[in-house]
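Report on the structure given below.
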Amino acid sequence: MKCQQCNKTATFHITELTKGKPQELHLCEEHARQYLTQEEEPAVAPSLAGVLAQQLAVGQTAEELAKLDQRACPVCGITFYEFRNQGRLGCPYDYVCFQAELDPLIVNIHGETEHVGKKSARFPEGTEKRTQLIRLRREMKEAIDDEDYELASKLRDDIRKIEESPPHKKK
763 MKCQQCNKTA TFHITELTKG KPQELHLCEE HARQYLTQEE EPAVAPSLAG VLAQQLAVGQ
823 TAEELAKLDQ RACPVCGITF YEFRNQGRLG CPYDYVCFQA ELDPLIVNIH GETEHVGKKS
883 ARFPEGTEKR TQLIRLRREM KEAIDDEDYE LASKLRDDIR KIEESPPHKK K
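With the sequence shown counted from 1, adding 762 to any position gets you this note's numbering.
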């Protein structure tokens with residue numbers, strides 16, 4: 763596919779929503795760089811990364827941000843730095859682990875910090891089982907990395923038991 767600005771090969775394919783309709787752009791590296799770095803008016807719905815950067819910039823030094831970036835969830839192992847880059851958390855416990863940093867962000871995006879909508883129909887039993895599976899998988903990966911295969915096999919068996927157990931239904 764050719765760049766829409768020149769005859770070079772398009773290596774960047776950008777889809778933007780303009781007035782609710784998707785608009786596709788196919789650009790070479792040079793034109794993509796120009797397109798992405800041009801100064802535009804701020805978007806109506808700010809991106810998660812932008813809102814987070816704005817929240818963190820207020821009253822935080824680079825040193826405090828570096829410390830925060832090193833903090834990791836004890837259950838899934840995701841660091842705050844990984845969250846900032848990906849825009850996704852690793853497990854439900856991350857909301858507890860990073861609560862002080864997430865609360866202003868969630869209030870800014872949603873206006874509330876408490877969920878009042880529908881519950882998931884796919885996982886009505888809650889998050890405890892999923893959180894436990896995430897923790898066990900992380901521990902199994904660490905055991906394999908440490909070449910502790912006996913512990914890894916025990917953790918694998920524990921994971922299988924949890925996955926094969928029927929969900930608890932409330933009466």
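Cβ coordinates follow ideal geometry from the N, Cα and C atoms, glycine included.
Which listed residue (the options) has its alpha carbon closest to that of residue i
i, options, result
"T777", "Y911, E792, T771 and L798", "L798"
"C790", "T780, Q800, K783 and H775", "H775"
"C838", "D908, V858, A828 and N769", "V858"
"H788", "L779, Q767, T780 and K781", "Q767"
"L917", "M902, D907 and P784", "M902"
"H773", "K781, K764 and L779", "It should be pointed out that residue 773 corresponds to Thr in this sequence rather than to His. For T773, the nearest C-alpha among the options comes from K764."
"A914", "R900, L779 and E786", "R900"
heavy atom of the ligand COA below 8 Å from residue i C-beta
i, result
"T799", "No copy of the ligand COA occurs in the structure displayed, which carries no ligand at all."
Residues sharing a beta bridge with residue i, DSSP
i, result
"L779", "P784"
"K764", "T771"
"T875", "Paired residues: none, contrary to the question."
"L789", "F774"
Which of helix, strand or coil DSSP assigns to residue i
i, result
"A834", "strand"
"L867", "helix"
"D908", "coil"
Contact check, residue i vs residue j, beta carbons under 9 Å
i, j, result
"F860", "R897", "no"
"R892", "C853", "yes"
"D856", "C835", "yes"
"D863", "L895", "Just to set this straight, residue 863 is Glu in the shown sequence, not Asp. No, they are not a contact pair."
"I840", "L827", "no"
"K770", "E786", "no"
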